[in-house]
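Chains as they are written, first to last, in this note's numbering: chain P, 766 to 1058; chain E, 766 to 1058.
What follows is the structure, encoded as structure tokens:
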């Protein structure tokens, strides 16, 4: 069993980007610049945005952090988006989700210039992903694809079962794994809350991508020997063992599933750290006009 | 076994739209208007476009047919697209595919105003479909969904196997059938040329959507009793039995598979006629600003 070390891969990617940014600046090019917009005071969202901004600074990007109170109007938030679209110094930006209920999330995401949509949530980027055209792939799916690539995990002709059909992970993963590309070509089964007899699918899977947010859901009797397991779940579970009072639990009952696996991602330290590396990679692409001219 | 009569359903839809158009015009509203652009002299493409235009006229739409020779420049074709985008009388338009090799097909499709993209091929419409937002769904997948609906075929919790991952049918069908909507909620397996042991998937399927373009590919021993089979294949096979010298063959060996089915679409007369009904429905939506304001 090989443990997939997302933390290490993420650090390697960031180190390589830091070097590239140094070279770009030495060559007189513009410093890549990511902006992040946060609405309200949700603790989780604030932690994520702060981590993203810190990672940007670590690789030598310029960063801008824009905060709005939770009562900001949709109009004002849209104006922020338009300003960022029109600001030539900003290469890419993200609007941290979720947004307060009085704001139409899709309207805000669709207002982002697809060329600067480094989160890959704009319908144009989603559609281009489906159509196999250059696009920003959103952070978690892109992170998973990079892990499979780094560990040379064979996907062609394999049966990949994706559990969970969220717009952010499950749905794009099912699309990416089935595509006619070197890191795709799986026969993909997309399972979700309405799936009957889930075990009959997972037991026949060569690769399982578990993204439902239900702690320790995937048990040993649900998988076959030699399976590759990618655990996307990160649920905070109360714990007396840690100072913070909680522990991060994945969707996989790691202790019993891991011995049956050829490869498995741990939680924490698996998929999680890759999301930031993906965002940084997308922002670098934006700065280099690698996707859109 | 129930034979799904796509021809009848298509005619019913078109008759109902014809009535609605009469009412719209009687109420002083603008006549819906579809334009179709054809490049070159491909016989198949010409037949399709002519059929679409004729169907438009039958339901009372205005139609415009624009022809370019096969040596038309990309620039000139793009200019046609821009003109149609800016022509307020045109509600929707299609550029018949395939285009000659010297023209970048994606560039042309992306130049179409998504609001007028009644073929649903623009990445924005594809992305909005994935994200469960209002959009134009392309004609064949939309036609299949309407057939399942008209025949009250239960999809929730069923295992749907889609064979073929084309951008036009297989890929969007796999997305639509898995969605959390009344006509979705299937556990979906997307199979394709790289799939190993296809039979192990099809034998466990409640619904099979066959879209690979390989005549009589799906045999009786590949399906279980009571399966729903949707046959999207339409391959011209030489025949001495018909005046035209060819026969249309589906992807399903109908004679032997049909007796095992609860529902099956014939070829011809199943999915085929529905594509025109879908295009007409999308154009009516465009005229009524039903998707985009």
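Every residue gets a Cβ at the ideal spot worked out from N, C-alpha and C, and that includes glycine.
From a predicted model like this one, the values you see are computed outputs, not experimental measurements.
Spatially closest choice to residue i from the options, by CA coordinates
i, options, result
"residue 965 of chain E", "E:924, E:1002, E:940", "E:924"
"residue 976 of chain E", "E:909, E:1003, E:928, E:1001", "E:928"
"residue 872 of chain E", "E:842, E:785, E:896, E:885", "E:842"
"residue 978 of chain E", "E:795, E:1056, E:777, E:958", "E:958"
"residue 918 of chain E", "E:775, E:1034, E:778, E:950", "E:950"
"residue 1022 of chain P", "P:921, P:988, P:1000", "P:988"
"residue 894 of chain E", "P:932, P:962, P:946", "P:932"
"residue 998 of chain P", "P:914, P:864, P:974", "P:974"
"residue 1003 of chain P", "P:1025, P:986, P:980", "P:980"
"residue 875 of chain E", "P:854, P:877, P:876, P:889", "P:889"
"residue 913 of chain P", "P:1027, P:1041, P:1017", "P:1027"
"residue 854 of chain E", "E:891, E:1024, E:826", "E:826"
"residue 1017 of chain E", "E:858, E:994, E:1056, E:896", "E:994"
"residue 1024 of chain P", "P:1001, P:832, P:986", "P:986"
Rounded separation between residue i and residue j - CA only
i, j, result
"residue 1009 of chain P", "residue 828 of chain P", "29 Å"
"residue 1020 of chain P", "residue 807 of chain P", "32 Å"
"residue 818 of chain P", "residue 862 of chain P", "15 Å"
"residue 799 of chain E", "residue 780 of chain P", "54 Å"
"residue 982 of chain P", "residue 948 of chain P", "27 Å"
"residue 956 of chain P", "residue 926 of chain P", "7 Å"
"residue 942 of chain E", "residue 783 of chain P", "43 Å"
"residue 839 of chain P", "residue 805 of chain P", "13 Å"
"residue 775 of chain E", "residue 811 of chain E", "21 Å"
"residue 1054 of chain E", "residue 820 of chain E", "21 Å"
"residue 794 of chain E", "residue 879 of chain P", "36 Å"
"residue 954 of chain P", "residue 971 of chain P", "11 Å"
"residue 1033 of chain P", "residue 867 of chain P", "33 Å"
"residue 1108 of chain P", "residue 797 of chain E", "An answer regarding residue 1108 of chain P cannot be provided, because it is not within the stretch 766 to 1058 covered by chain P."
"residue 834 of chain E", "residue 786 of chain P", "49 Å"
"residue 946 of chain P", "residue 952 of chain P", "13 Å"
"residue 870 of chain P", "residue 849 of chain E", "31 Å"
"residue 962 of chain E", "residue 922 of chain P", "10 Å"
"residue 968 of chain P", "residue 1036 of chain P", "22 Å"
"residue 935 of chain P", "residue 907 of chain P", "12 Å"
"residue 916 of chain P", "residue 992 of chain P", "14 Å"
"residue 905 of chain E", "residue 884 of chain E", "10 Å"
"residue 1041 of chain P", "residue 845 of chain E", "43 Å"
"residue 824 of chain P", "residue 877 of chain P", "24 Å"
"residue 852 of chain P", "residue 1031 of chain P", "40 Å"
"residue 1052 of chain P", "residue 822 of chain P", "15 Å"
"residue 891 of chain P", "residue 984 of chain P", "32 Å"
"residue 809 of chain E", "residue 857 of chain P", "44 Å"
"residue 864 of chain P", "residue 896 of chain E", "17 Å"
"residue 960 of chain E", "residue 939 of chain P", "15 Å"
"residue 1056 of chain E", "residue 816 of chain E", "25 Å"
Buried versus exposed call for residue i [16 or more other C-beta atoms within 10 Å across all chains shown]
i, result
"residue 1047 of chain E", "buried"
"residue 996 of chain P", "buried"
"residue 881 of chain P", "buried"
"residue 790 of chain P", "exposed"
"residue 837 of chain P", "buried"
"residue 944 of chain E", "buried"
"residue 911 of chain E", "buried"
"residue 930 of chain E", "buried"
"residue 801 of chain P", "buried"
"residue 920 of chain E", "buried"
For residue i, the residue or residues it bridges with in DSSP
i, result
"residue 768 of chain P", "P:1029"
"residue 828 of chain P", "P:799"
"residue 1013 of chain E", "E:1001"
"residue 782 of chain E", "In DSSP, residue 782 of chain E forms no bridge with anything."
"residue 952 of chain E", "E:924"
"residue 973 of chain E", "E:926, E:994"
"residue 983 of chain E", "E:1017"
"residue 859 of chain P", "P:801"
"residue 957 of chain P", "Bridge partners of residue 957 of chain P: none, in fact."
"residue 867 of chain E", "Looking at the DSSP assignment, residue 867 of chain E forms no beta bridge with any residue, so it has no partner."
"residue 833 of chain P", "P:804"
Cβ-heavy atom distance, residue i to the ligand HEM, below 6 Å
i, result
"residue 864 of chain E", "In the structure on display, the ligand HEM does not appear, and there are no ligands present to speak of."
Is there contact here, the region 769–779 of chain E with the region 883–900 of chain P, by at least three beta-carbon pairs under 8 Å? Taking a contact to require three or more Cβ pairs closer than 8 Å, the region 769–779 of chain E and the region 883–900 of chain P do not qualify as touching.
Would you be able to state if there are at least three C-beta pairs under 8 Å between the region 1048–1056 of chain P and the region 998–1017 of chain E? Verdict: no, contact absent.
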